[in-house]
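Read through the structure below, which is laid out as structure tokens, and then see the notes.
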Amino acid sequence: MKKQVSFITLDAAMRRISAIYKSYFIKLVVARLNLERKEGTLVSKNELSDEGLRHAYAYVRSIEAIVNSFDKNEQLILYKDYLGSEPPLWWCDYFSRRDYYLLKKHSIRKFLAELDTYV
């Protein structure tokens, strides 16, 4: 019998993934800006010579690929709640409280299951 994982546990897992995603995303933006300033050209993924930058790029791309494979409401929740920086009550214009929390829990479960098979 499969034990149900609480919403708090799911949310905490997403917040850990989100923190890593955001730090890698910022690292990539800073690296790109530094190289553009230095060389005056855009940097492609092939030009990222630092192993850490390559790892950051792969992580960010894999997270985005998973989220982008979901439907629009699931994407909206994951991007606004975890991958972006929206005010806490952004969802009030889109969903009822009940629908939001049901969809959020579903989106997190789906994301974590997909991430588990993706890795």
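The sequence shown maps to residues 161 to 279 in our numbering. Every residue, glycine too, gets a C-beta built ideally from N, C-alpha and C. Computed from a prediction, not measured in an experiment: that's the story for all the values here.
Can you have a look at residue i and say buried or exposed, based on whether 16 or more other CB atoms are within 10 angstroms of its CB?
| i | result |
| --- | --- |
| K163 | exposed |
| D241 | buried |
| L236 | buried |
| S267 | buried |
| L188 | buried |
| L193 | exposed |
Short check: CB of residue i to CB of residue j, under 8 Å?
| i | j | result |
| --- | --- | --- |
| L263 | F255 | yes |
| L249 | S178 | no |
| Y181 | I226 | no |
| K265 | F185 | no |
| W251 | Y239 | no |
| L170 | R257 | no |
Using a Cβ-Cβ distance under 8 Å, would residue i count as near chain D?
| i | result |
| --- | --- |
| R258 | Considering every chain present, this structure includes no chain D. It has just one protein chain. |
- Query: Do the stretch 212–219 and the stretch 230–250 touch if we need at least three Cβ pairs shorter than 8 Å?
  - Reply: The stretch 212–219, when compared against the stretch 230–250, does not touch it at the 8 Å Cβ threshold.
- Residue ranges of each alpha helix (DSSP H) run of no fewer than 4 residues wholly in the stretch 164–232, ordered along the chain? 167–199, 211–228
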